[in-house]
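Chains as they are written, first to last, in the numbering used here: chain R, 1 to 278; chain L, 1001 to 1343.
Quick look at the structure:
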């Protein structure tokens, strides 16, 4: 196969993307331009209604904030675990990898419902809180933002760790030894050598977690309930309960743009971080 | 040359085998099948246990089920016009009205049901047949709370601080909120008094959850009182959860679950056989027993003692709603609910 014809290898995937992503996206944009739920009047009224409502902006901000908090929590907890992985021998590395992948073997629905049992009024955490006397009454954890972030942190952790561990395992250990040999402290080696080298994995993990947490409808609705309203809930209500597909399309495109901007921002931070490290 | 000959010979042999296999007698196949949309969970399990074998035995028809909630069925049928994703709907009144308005059903001929005479009057129309009833009231934990009397008790102490609520996404949630609104001067088309009253007690409410998570929230003690239907109460009791059903003073709400033939279905004959099997006395009787706990519609079925009525005629006394009036308002109510209860 000549170099010129190599592009043909990518043709099936390109066609699949065109058929199953670009065409539906085009349809979504087209439907969103209609003003009524019967899709007859082309006047963009749903866009004006949706974006003109201050509540919508609160929902957009809350959705992006949820993604941001989950990214922060998964990075803060996940990165030290990745460092433990880096310092462990091959056998322990396999054990850590298995533990990281383990939650992925259970359906997200099951994991989410398990969090009801853990975070509930009579759940494990509240029983411990009451037993230790930390609080006289059970804490409200379900249907609160911090409860949801706790659950999402566990649910999204594998997709933060997998790219991070992949990059860490390819890191040349001689570089860290050289840093130590040249007199750098452990902390300095972490900040000036390990962190910059692992940055591509961290950035990839953050992007995946952000995109996944902001769109995690089941977890958001089951753990957050109706007290916490995020864009996926509005898409579900409009498309499946009241059949206002133009408004559902508007909300879906808003989510797409919000997630896209969030991911772009993470990528930009990653690029700046790399520039700083160099 | 020899290579070409051998290829042709192989081709002929393969073709003969293929054609021959088509002509061979096949193992006994059913006279056909029908694909029915089915509520996931209790309904799907109960239908698999009782309707599937009964339909096979009576008509030699295989029942294939697609688990979908009522609203999902309407959305899916609407999105795939011309190629129906299933032959039969099972719907609550709200989505049923939407289906009628959007022309998603075939015209229904009740005379084709052998068990028609065994149904009370008004259980069939030109759109479909009623297969079960649902009764909505209050479910509470008698070990944690005193017995509530009315819908308004839900918003008072000590009940309100243990209350679990859902919004307008479900039929039972919508009718319960309408009933609460009525007690404060509202009506079927005016739920404003509910929003006024709920705002006063909102911080106290124990849970405002996703409909699918409500049984789990009750089971985990996150809430100890909620509006719900008798079937959910019976199912939770079957799992040893402390829950009792109460008919509010102003009356419990009743609504019917109906089945319809999808427009353009190629299995209409089998769909009628399926409906007829569902409403037959033995199947209705089996569906009424725990752990299924359906409310039957066949007059020949002797009602179980734990049902909220002694006879099907009593259903006339329950509170009913006109969903053709509710549906146009529901989108606005959902939006309002989001804004009022979201933090």
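Backbone N, C-alpha and C fix where the C-beta goes; we use that ideal spot for every residue, glycine too.
Closer than 8 angstroms to chain R by CB, residue i
i, result
"residue 1325 (chain L)", "no"
"residue 1098 (chain L)", "yes"
"residue 1217 (chain L)", "yes"
"residue 1023 (chain L)", "Note that residue 1023 (chain L) scores a pLDDT of 49, beneath 50, so its modelled location is shaky; the value from the coordinates is reported in the next line. No - not a single Cβ of chain R is within 8 angstroms of the one on residue 1023 (chain L)."
"residue 1200 (chain L)", "no"
"residue 1208 (chain L)", "yes"
"residue 1338 (chain L)", "yes"
"residue 1334 (chain L)", "yes"
"residue 1074 (chain L)", "yes"
"residue 1272 (chain L)", "no"
"residue 1330 (chain L)", "yes"
"residue 1343 (chain L)", "yes"
"residue 1161 (chain L)", "no"
"residue 1167 (chain L)", "yes"
"residue 1176 (chain L)", "no"
"residue 1285 (chain L)", "no"
"residue 1136 (chain L)", "no"
"residue 1213 (chain L)", "yes"
"residue 1301 (chain L)", "no"
"residue 1191 (chain L)", "no"
"residue 1071 (chain L)", "yes"
Contact with chain L by residue i, beta-carbon distance below 8 angstroms
i, result
"residue 244 (chain R)", "yes"
"residue 174 (chain R)", "no"
"residue 5 (chain R)", "no"
"residue 48 (chain R)", "no"
"residue 154 (chain R)", "no"
"residue 98 (chain R)", "no"
"residue 137 (chain R)", "no"
"residue 55 (chain R)", "yes"
"residue 8 (chain R)", "no"
"residue 255 (chain R)", "no"
"residue 142 (chain R)", "yes"
DSSP state of residue i mapped onto helix, strand, coil
i, result
"residue 1067 (chain L)", "strand"
"residue 124 (chain R)", "helix"
"residue 1033 (chain L)", "strand"
"residue 1169 (chain L)", "coil"
"residue 16 (chain R)", "helix"
"residue 1039 (chain L)", "coil"
"residue 273 (chain R)", "helix"
"residue 5 (chain R)", "helix"
"residue 168 (chain R)", "helix"
"residue 1001 (chain L)", "At residue 1001 (chain L), the pLDDT of 36 sits below 50, so the modelled position is not reliable; the number obtained from the coordinates is stated separately. Three-state result, residue 1001 (chain L): coil."
"residue 211 (chain R)", "helix"
"residue 1244 (chain L)", "strand"
"residue 982 (chain L)", "No answer is possible for residue 982 (chain L): it lies beyond the span of chain L, which begins at 1001 and ends at 1343."
"residue 1134 (chain L)", "strand"
"residue 1022 (chain L)", "Only weak support exists for where residue 1022 (chain L) lies, its pLDDT of 48 falling under 50; the coordinates are left without a value."
"residue 52 (chain R)", "coil"
"residue 62 (chain R)", "helix"
"residue 1072 (chain L)", "helix"
"residue 96 (chain R)", "helix"
"residue 40 (chain R)", "coil"
"residue 130 (chain R)", "helix"
"residue 34 (chain R)", "strand"
"residue 1108 (chain L)", "coil"
Expected contact under 8 angstroms - CB spacing of residue i and residue j to nearest Å
i, j, result
"residue 1247 (chain L)", "residue 1296 (chain L)", "Their Cβ separation, rounded to whole angstroms, is 19 angstroms, which puts residue 1247 (chain L) and residue 1296 (chain L) out of contact at 8 angstroms."
"residue 1164 (chain L)", "residue 1217 (chain L)", "5 angstroms"
"residue 71 (chain R)", "residue 229 (chain R)", "Incorrect: roughly 20 angstroms between the Cβ atoms, too far for contact."
Residue i - partner residues in DSSP beta bridges
i, result
"residue 1190 (chain L)", "L:1187"
"residue 1226 (chain L)", "L:1139, L:1164"
"residue 1062 (chain L)", "L:1033"
"residue 1124 (chain L)", "L:1129"
"residue 1208 (chain L)", "L:1165"
"residue 1295 (chain L)", "L:1133"
"residue 1319 (chain L)", "L:1253"
"residue 1090 (chain L)", "L:1259"
request  = Scan the segment 109–127 of chain R for residues whose Cβ lies nearer than 8 angstroms to a Cβ of chain L and list them as they occur along the chain.
outcome  = 113, 116, 117, 120, 121, 122, 123
Against chain L: residues of the segment 221–244 of chain R by CB proximity under 9 angstroms = 221, 222, 223, 224, 225, 226, 227, 228, 229, 233, 234, 236, 237, 238, 239, 240, 241, 242, 243, 244
message = Which residues of the segment 20–49 of chain R have a Cβ closer than 7 angstroms to any Cβ of chain L? Give them in chain order.
response = none
task = Check distances from the C-beta atoms of the segment 1221–1245 of chain L to those of chain R and list, in chain order, the residues that come in under 7 angstroms.
result = 1221, 1222
ask   = What are the residues of the segment 1031–1045 of chain L that lie near chain R, defined by any Cβ-Cβ distance shorter than 9 angstroms?
value = none
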